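Here the structure is laid out as C-alpha cells; the discussion comes afterwards.
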Amino acid sequence: MKLPKELLEVERKTVETVNLPSDNNHDPSNILYDQGTYYLWYTQHDNERPYDHFADCKIMCCTSKDGIHWEEGKDALLPAESGWDCAGVLTANVIYDKGRFYMFYTGVGTDFAEGKTTRRCCGLAAADTPDGPFERLGNEPVLQWEEEGSWDDEAVDDISAIFFQNRWLVYFKGSRLTEPDGDKTMLGLAWADTITGPYHRYEGNPVIRGHAFSIWPYKEGLCLLSGLKHREGEGRIYGDNWNDPEGIQYLYYSEDGIHFEPCAPFPNRASGIFIPEGEDQKDITKYWGVSVATADAHKKRYIERFDFIKKNPQTT
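Each step along the sequence shown adds one to the number in full-length UniProt numbering, with nothing skipped, and position 301 is 301.
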C-alpha cells in the first residue's frame, strides 16, 4: 500500500479553546460547517452515574463561528418515550446528504438502565437544520448486534458513516458478550446504496481492532484514528496485540477501506474530525478535530481541540 507521505510526517497539537463542553461530556461527533457556523454534537452524561452507565445520556449540539470560541450547547436528540432507545442516547455522527442532516447514534433501553443487559445498538434520525431537533427514522435500530457467539453479539455502537467508492459505508464498534472489556473491541463495516439503508454487513468483518475511533475520507482512501494503544514499533492492530497501556496510538490509512496501515504516532481518545472543502481536502494540516480528556476515570470529562501539524524534525 502506498501511504501519503504527509501522513508519515504529521503530529498532534492541542489548541486552546473557549467554552467547549466540559460538564462531564464525551464522545464528540465529527464537525460540520454550514452557512458560516461550525457544529459539534456530543454526549451529555448524567453526573450522578459512572461513565459506563449510559442511562439518561442525551445528545447535545454546540456551535462556533471560528472553531475556537463556542456557544453553549442545546438538546439535539433525547431518549425516546419508549422502545429500544428510551433509556439513553449517545455517540452521534452527523452527515449532510441531499438537503438533510442525518444522525447515527447509539441507544440503550430499560433493560440496560436496570443492569439486566449490556447490549446496545444504533439508530438513525434526521433534521432539516444541523442543530435539530432530530426526528427518528422509524422505530427500529438501523444496525444491531448479531446472534450469540458472533464477534459483535454484545453491542454495536459508535457508527461513523462515509460515502466511499460510490456507496455508503458505516463503520461500527462491536464487542462480545464473553469479552465486554473496552480493550477487546473490534471494528466492522456495513454498506448501503442510500444513507437510510438497509445496511448489509461486510462478510469479512471484523476488519480491524479499535475503540472510540474516527474514520474519514482522505485523498483516494480513508484515515483512521483509534483509541487503542499498541506496542512500540509494531503499530498494527491485527492479530493478538490488544490494548497496551504503555503503547502508542497511531494515525492509520487505507486505500480500500478494509486494510489499514500505520502512518504516524498520534495520541487520541474518542475523536471527531472536521473535513475542509475543496483543495484543502488534499492537505492533512487543514483538518482538525476534537477529543475527550478527563481528570479521573468516570467524571470531569471534557472536550478539547487538536490540530494536525507537520512534525517538527527536532521531535523525531
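Ideal Cβ positions, reconstructed from N, Cα and C, are used throughout, including at glycine. Since this is a predicted model, take the numbers as computed values, not measurements.
What number of angstroms, rounded off, separates the C-alpha of residue i from the C-alpha of residue j?
i	j	result
V142	R49	27 Å
residue 376	D256	What the structure shows of the chain is the stretch from 1 to 316, and residue 376 is not part of that stretch, so it cannot be assessed.
T285	E11	9 Å
T178	N205	18 Å
S150	G289	33 Å
L32	A113	31 Å
R301	E279	35 Å
T110	A55	8 Å
R119	A92	18 Å
P28	K2	31 Å
P276	N47	34 Å
G115	K282	46 Å
V94	L222	18 Å
Y218	L137	29 Å
C121	E72	28 Å
S271	S82	30 Å
C62	T294	19 Å
V108	A87	6 Å
P4	I273	18 Å
G174	W145	8 Å
H259	L40	29 Å
Y38	T117	37 Å
H53	H45	9 Å
H211	G247	15 Å
P133	C57	16 Å
D23	A76	17 Å
K74	D97	23 Å
N30	M103	11 Å
What are the start and end residues of the alpha helix (DSSP H) that includes residue i?
i	result
D157	D157 -> not in any alpha helix (DSSP H); beta strand (DSSP E) instead, spanning A155 to F164.
A113	T110 to A113
Applying the criterion that 16 or more other CB atoms from any shown protein chain within 10 Å of the CB defines a buried residue, is residue i buried or exposed?
i	result
E162	Just to set this straight, residue 162 is Ile in the shown sequence, not Glu. With 16 or more other Cβ atoms within 10 Å, it is buried.
D157	buried
N139	exposed
S160	buried
Q165	exposed
R176	buried
Q35	exposed
N25	buried
L8	exposed
A155	buried
G99	exposed
S64	buried
D152	buried
T194	exposed
D131	buried
Y238	Unreliable positioning characterises Y238 in this predicted model, as indicated by a pLDDT of 47, which lies under 50. A coordinate reading is not provided.
I215	buried
N312	exposed
D85	buried
What is the residue span of the beta strand (DSSP E) that residue i lies within?
i	result
D34	I31 to D34
T43	T37 to Q44
R49	First-last for R49: undefined, no H or E at that position.
K58	K58 to S64
P265	E261 to P265
Y252	Y250 to S254
W168	R167 to S175
T14	V10 to V15
A76	W70 to L77
R305	R301 to K310
A55	Here A55 belongs to no beta strand (DSSP E), and DSSP marks it neither H nor E.
Going along the chain, which residues of its own chain have a beta-carbon closer than 6 Å to the beta-carbon of residue i, five neighbours each way excluded?
i	result
T17	I68 and R305
L20	W70 and I303
T106	L90, T91, R120, C122 and D157
W168	A192 and I195
Looking only at its chain, what residues have a beta carbon closer than 8 Å to the beta carbon of residue i, apart from the 5 residues adjacent to it on each side?
i	result
E135	A125, A126 and A127
I309	V10, E11, R12, K13 and T285
T129	F101
E148	L177
F266	V10, E11, R12, L225, Q249, Y250 and L251
Excluding the 5 residues preceding and the 5 following residue i in the sequence, name in chain order all residues of the same chain whose CB lies nearer than 7 Å to its CB.
i	result
N268	L225, G227, Q249 and S291
E220	E255
Y199	V142, L143, V170, A190, W191 and A192
D307	K13, V15 and W288
V207	L187, G188, L189 and I258
T43	N25, H26, D27, C57, I59, L90 and T91
I'd like to confirm something about residue i: is its beta-carbon nearer than 6 Å to some heavy atom of the ligand ZN, or not?
i	result
K311	Of ligands this structure carries none, so the ligand ZN is not represented either.
Unbroken alpha helix (DSSP H) runs of length 4 or more, entirely within the region 89 to 151: which are they? 110 to 113
Within the region 191 to 222, ranges of the beta strand (DSSP E) (whole runs, at least 3 residues): 214 to 218
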